[in-house]
Amino acid sequence: KKAVGACLLNVVSPTEANIPMIGLLKSERGKKLGQHLLAHTVRQVINLKRSGQLPIKLVSATVATGNLSAVRMYRHIGFQEAFWYPHLFQERNRVMSRRPGQWC
Numbered sequence: 004k005k006a007v008g009a010c011l012l013n014v015v016s017p018t019e020a021n022i023p024m025i026g027l028l029k030s031e032r033g034k035k036l037g038q039h040l041l042a043h044t045v046r047q048v049i050n051l052k053r054s055g056q057l058p059i060k061l062v063s064a065t066v067a068t069g070n071l072s073a074v075r076m077y078r079h080i081g082f083q084e085a086f087w088y089p090h091l092f093q094e095r096n097r098v099m100s101r102r103p104g105q106w107c
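Here the working numbering = 1-based position in the sequence shown + 3.
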């Protein structure tokens, strides 16, 4: 077996984590693997919160505004747009968020 993708999660404060990117090999895109990686990552955060190991109250994700397939994927998992901000090399980014308790 070989790795075909990754979902990064950064704990940015004692109560917030951010998913800055999900990456897949081009040959693996369009197979809902990104959605599975995202859902697995969210389940891990929920499990760590329930066990008391991680007091996360909010998970956010940074998504390029023009990446509509990623925006749809995050919405499908239950994330909502929280705010947009300008970016030096792109038109703008949007931040989508979801509270772990809303998944339980």
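We put the beta carbon where it would ideally sit given N, CA and C, even for glycine.
Quiz item: Residues in its own chain within less than 6 Å of M24 by CB, not counting five upstream and five downstream?
Solution: L11
Quiz item: Does the count of Cβ pairs from the segment 26–43 and the segment 71–80 closer than 8 Å reach three?
Solution: yes
Exercise. Please go through the same chain and pick out, in chain order, the residues whose beta-carbon is closer than 8 Å to the beta-carbon of L28, but skip the five residues on each side of it.
Key: V7, G8
Quiz item: Which term fits A85, buried or exposed, when burial requires 16 or more other beta carbons within 10 angstroms of its beta carbon?
Solution: exposed
Quiz item: Does the distance from the C-beta atom of E19 to that of K60 stay below 8 Å?
Solution: yes
Quiz prompt | Span separating the alpha-carbon of G55 from that of P17 | solution = 12 Å
Practice problem: Could you have a look at G8 and say whether DSSP puts it in helix, strand or coil? | Solution: strand
Exercise. In angstroms with no decimal places, state the Cα-to-Cα distance between C107 and R78.
Key: Summary for C107: the model assigns pLDDT 42, below 50, so the residue's position carries little reliability; its value from the coordinates is reported in the next sentence. Going by the C-alpha atoms only, they are around 17 Å apart.
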